Amino acid sequence: MAKLLEVSGLTTSFRTERGPVMAVDSVSFDVDAGETLAIVGESGSGKSVSALSLMRLIPNPPGEIVAGSVMFEGQDLLKITEAEMRAVRGDRIAMIFQEPMTSLNPSLTVGMQVGEPVMLHRGASWKAALERAGELLARVRIPDARSRVDAYPHQFSGGMRQRAMIAMALACQPKLIIADEPTTALDVTVQSQILSLLKELTRETGAALILITHDLGVVARYADRVSVMYAGRVVETGTARDIYKRPQHPYTQGLMACVPRLDQVLGRRLVPIDGQPPDLTRLPPGCAFAPRCGWVTERCLQERPSLDPVGNGHLKACFVDVDARVGEHV
Amino acid sequence: MSAVVQAAQVLPTQRGPVVDFFIRLFREKPLGAIGFVVVLLFLFCGIFADVIAPYGMNQISPANRLKPPSARFWLGTDHLGRDMFSRLLYGAQLSVIIGFAAATLATVISVLLGIVTGYLGGKVDLVIQRMVDAWMSFPDLIILIVVVSVLGPGMPQVIFVLGLVFGIGGSRIVRGAVVSVRENMYVHAAQSMGASTARILLQHILPNILPPVIVLFTTRVGAVILVESGLSFLGFGVPPPAPTWGGLLSGSGRTYMYMAPWLALAPGLCITIVVYAINVLGDAMRDLLDPRMRGSR
Numbered sequence: 001m002a003k004l005l006e007v008s009g010l011t012t013s014f015r016t017e018r019g020p021v022m023a024v025d026s027v028s029f030d031v032d033a034g035e036t037l038a039i040v041g042e043s044g045s046g047k048s049v050s051a052l053s054l055m056r057l058i059p060n061p062p063g064e065i066v067a068g069s070v071m072f073e074g075q076d077l078l079k080i081t082e083a084e085m086r087a088v089r090g091d092r093i094a095m096i097f098q099e100p101m102t103s104l105n106p107s108l109t110v111g112m113q114v115g116e117p118v119m120l121h122r123g124a125s126w127k128a129a130l131e132r133a134g135e136l137l138a139r140v141r142i143p144d145a146r147s148r149v150d151a152y153p154h155q156f157s158g159g160m161r162q163r164a165m166i167a168m169a170l171a172c173q174p175k176l177i178i179a180d181e182p183t184t185a186l187d188v189t190v191q192s193q194i195l196s197l198l199k200e201l202t203r204e205t206g207a208a209l210i211l212i213t214h215d216l217g218v219v220a221r222y223a224d225r226v227s228v229m230y231a232g233r234v235v236e237t238g239t240a241r242d243i244y245k246r247p248q249h250p251y252t253q254g255l256m257a258c259v260p261r262l263d264q265v266l267g268r269r270l271v272p273i274d275g276q277p278p279d280l281t282r283l284p285p286g287c288a289f290a291p292r293c294g295w296v297t298e299r300c301l302q303e304r305p306s307l308d309p310v311g312n313g314h315l316k317a318c319f320v321d322v323d324a325r326v327g328e329h330v
Numbered sequence: 331m332s333a334v335v336q337a338a339q340v341l342p343t344q345r346g347p348v349v350d351f352f353i354r355l356f357r358e359k360p361l362g363a364i365g366f367v368v369v370l371l372f373l374f375c376g377i378f379a380d381v382i383a384p385y386g387m388n389q390i391s392p393a394n395r396l397k398p399p400s401a402r403f404w405l406g407t408d409h410l411g412r413d414m415f416s417r418l419l420y421g422a423q424l425s426v427i428i429g430f431a432a433a434t435l436a437t438v439i440s441v442l443l444g445i446v447t448g449y450l451g452g453k454v455d456l457v458i459q460r461m462v463d464a465w466m467s468f469p470d471l472i473i474l475i476v477v478v479s480v481l482g483p484g485m486p487q488v489i490f491v492l493g494l495v496f497g498i499g500g501s502r503i504v505r506g507a508v509v510s511v512r513e514n515m516y517v518h519a520a521q522s523m524g525a526s527t528a529r530i531l532l533q534h535i536l537p538n539i540l541p542p543v544i545v546l547f548t549t550r551v552g553a554v555i556l557v558e559s560g561l562s563f564l565g566f567g568v569p570p571p572a573p574t575w576g577g578l579l580s581g582s583g584r585t586y587m588y589m590a591p592w593l594a595l596a597p598g599l600c601i602t603i604v605v606y607a608i609n610v611l612g613d614a615m616r617d618l619l620d621p622r623m624r625g626s627r
């Protein structure tokens, strides 16, 4: 069966004063219906730009999608017209942004905004849209939802606003929801509520979820599969279990080593990854992670590793057979 | 019982934003509030001039020429024996009509130009705003005089020209507001929902640039009245015998300044007070409507 979404070779470049920057470089990933894919990486690794690219929301200029294809339900989203794309956005693919405090328009009521997609894509009347907004707000467990329809965003807390954003995303029962760091600006307790809600609602509606995050704890709890990004490229993809149990790429291993775990030996220090995230305008010719890698070889500096399978649907972009060399590393 | 009282206190007050605005105006901006009262008075005089005025606009009384202020003629009479108080009231009417019509036209032009160039950006922005630059490099009065000379004097022409001149200049302010609102997350969120450009402009940008637009409109009313007085003074405005304030000042006011100083004093003071009141009100509104000042009581 064909995948719901298949992104391949997606490349987005931004013009800057210091020349073009490939914020997203030949990125490929896919999502099955009902599946949760986490895209993980540090700031500037191209997670958000990948998501915006597949929604065709990259501001041009300075940004431009230069290559690749985004097959969604058998249709290449990069080849359809802007009007056709508008019909996809919010209806079949919805997006949730990272800043609930600013993602809602302060001068419109919450109900008007949550109901807007229904008006846009289903041609609903104001009355019907507000009615639906009430149902949706109740569904994301905003207490007293019917009366909250007429509230303004400033009367909502951060968690409630993010719930409202989720309600808005669910309005047209999309096949795919992209959540771009949906919990970054929220308290830890609210974070887990929001993510559990999101997960539960996607399970109920059968929507697939792309969860963009830098929080590996979130990934472990909510993702089925994981793609790890570094410097605009996907460096490792696999099931969440495999990525945790047997990370194959040195970068992924480095990430795992610097996350505190409840089951680790007390007093053990966290191991940070040496060096700085790379400057995208001056990437090395070989592997982008090579300057920070503990297992770097001559080949890593000259040649770019491709994303190759290592078995069981697990892919990595690294020349080094990490498992075989584990003993050597201090 | 006490729980109910507490809950009632915790709930935010259910005042509308407009009521809230006026309460804050009177509480925090006494000068602005005075300006507001003066503007209301001015509007009242303008709208009900026909009812309040004791004499007709051009009612001549040769027997009572150049009379000083008295119980019969509150502000004296001019060289044709016309009652100055009545003429000032009709002048207020003209000022209200020209001020509001031209400021409305100016605001519509500013919003249209500003919202399109600000939101679309890129080449459209560059081309249109360079044209605005070119337009703004001419002194307003020169453009006004040239256009009125071509079209001939008259109220519709004056409204049109003032609206155009102030509208094009004001588009810069609207554009600035749009550029800062455009980058807000909710605009991106609306795009990600599949909203069209027109819808984003109307639903998501326009309501959020309203505060500066309201202030722009208010200050434009004052500026239009002032410039219209200037034009009428120079003889390019609404032609006599229509009693515009600027015309009153230049006609009988200037000619008989030494014999009957009240003829110049009254319209001069009217222009000064009304324009000052509108500007003070505009200032107060800008402070109160500025989101950064909100809650800083």
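As they're listed, the protein sequences go chains A and B.
For the first sequence, the positions run 1 to 330 when the working numbering is used.
For the second sequence, the positions run 331 to 627 when the working numbering is used.
Virtual Cβ for every residue (Gly too), placed ideally from N, Cα, C.
From a predicted model like this one, the values you see are computed outputs, not experimental measurements.
| Item | Value |
| --- | --- |
| Between M615 (chain B) and chain A, is the shortest Cβ-Cβ distance under 7 Å, so that the two count as touching? | no |
| Check each candidate in A:I210, A:R139 and A:L176 and name the one with the smallest Cα separation from L197 (chain A). | A:R139 |
| Select from A:L137, A:F29 and A:A23 the residue whose C-alpha is nearest the C-alpha of A228 (chain A). | Per the sequence shown, the amino acid found at residue 228 (chain A) is Val instead of Ala. For V228 (chain A), the nearest C-alpha among the options comes from A:F29. |
| Beta-carbon within less than 7 Å of D76 (chain A)'s beta-carbon, same chain only, minus the 5 sequence neighbours each way: which residues are those? | S69 and V70 |
| With the cut-off set at 7 Å, would you say A145 (chain A) and A231 (chain A) are in Cβ contact? | no |
| To the nearest whole angstrom, what separates the beta carbons of V7 (chain A) and L54 (chain A), a pair I think is in contact under 8 Å? | 6 Å |
| So that I know if they touch, is there some Cβ in chain B lying closer than 7 Å to that of T281 (chain A)? | no |
| Name the two residues that bound the continuous beta strand (DSSP E) containing V488 (chain B). | From DSSP, V488 (chain B) is part of no beta strand (DSSP E) but of the alpha helix (DSSP H) over M485 to R512. |
| Is R229 (chain A) helix, strand or coil when you go by DSSP? | According to the sequence shown, residue 229 (chain A) is Met rather than Arg. Reduced to three states, the DSSP call for M229 (chain A) is strand. |
| Looking at C-alpha atoms only, which residue of A:V49, A:L209 and A:R15 is the closest neighbour of A33 (chain A)? | A:L209 |
| Counting only beta-carbon atoms, is L10 (chain A) nearer than 7 Å to chain B? | no |
| Using a Cβ cut-off of 7 Å (strictly closer), state whether N538 (chain B) contacts chain A. | yes |
| Check F289 (chain A) in the structure and name its three-state DSSP category. | coil |
| With DSSP as the reference, label S526 (chain B) as helix, strand or coil. | coil |
| May I have the straight-line CA-CA distance separating L186 (chain A) from G158 (chain A), to the nearest angstrom? | 7 Å |
| Starting from the Cα of F430 (chain B), find the closest Cα among B:V369, B:A401 and B:L474 and give me that residue. | B:V369 |
| Once DSSP output is grouped into helix, strand and coil, what is the label at M387 (chain B)? | coil |
| Would you kindly work out how many angstroms separate the C-alpha atoms of H314 (chain A) and E42 (chain A), rounded to a whole number? | 21 Å |
| State whether the region 587-601 of chain B contacts the region 442-451 of chain B, with contact taken as three or more CB pairs (one from each stretch) at a distance under 8 Å. | no |
| Do R161 (chain A) and P106 (chain A) have their CB atoms nearer than 7 Å? | no |
| Which residues of chain B have a Cβ atom closer than 8 Å to the Cβ of D91 (chain A), listed in chain order? | G524 |
| Is any beta-carbon of chain B found at less than 7 Å from that of E99 (chain A)? | yes |
| Is the CB-CB distance between L195 (chain A) and L5 (chain A) below 7 Å? | no |
| Report the neighbours of A370 (chain A) on chain B: residues whose CB is nearer than 9 Å to its CB, in chain order. | This structure gives no information on residue 370 (chain A), because the portion of chain A shown stretches from 1 to 330. |
| Closer than 9 Å between beta carbons: that is the criterion. Which residues of the region 102-114 of chain A meet it against chain B? | T102, S103, L104, N105, P106, S107, L108, M112 and Q113 |
| What did DSSP end up calling Q75 (chain A) once you bin it into helix, strand or coil? | strand |
| Could you list which residues in chain B have their beta carbon closer than 7 Å to that of L120 (chain A), in chain order? | M523, G524 and A525 |
| Express the C-alpha separation of G493 (chain B) and A433 (chain B) in angstroms, rounding to a whole number. | 6 Å |
| Could you tell me whether any Cβ in chain A is nearer than 7 Å to the Cβ of H409 (chain B)? | no |
| Is it buried or exposed for A393 (chain B), if we count other Cβ within 10 angstroms and need 16 for buried? | exposed |
| Need the endpoints of the alpha helix (DSSP H) that A83 (chain A) sits in, please. | E82 to V88 |
| Flag P591 (chain B) as yes when its Cβ comes closer than 6 Å to any non-hydrogen atom of the ligand NAP, and as no otherwise. | Only the bare structure without any ligand can be found here, which leaves the ligand NAP out of the picture. |
| Rounded C-beta distance between D180 (chain A) and Q98 (chain A)? I'm assuming under 8 Å. | 5 Å |
| Is it right to say A401 (chain B) is buried, meaning 16 or more other beta carbons lie within 10 angstroms of its own, or is it exposed? | exposed |
| Is there a C-beta anywhere in chain B that falls below 7 Å from the one on T205 (chain A)? | no |
| Less than 7 Å between CB atoms is the rule here; does M55 (chain A) satisfy it with respect to chain B? | yes |
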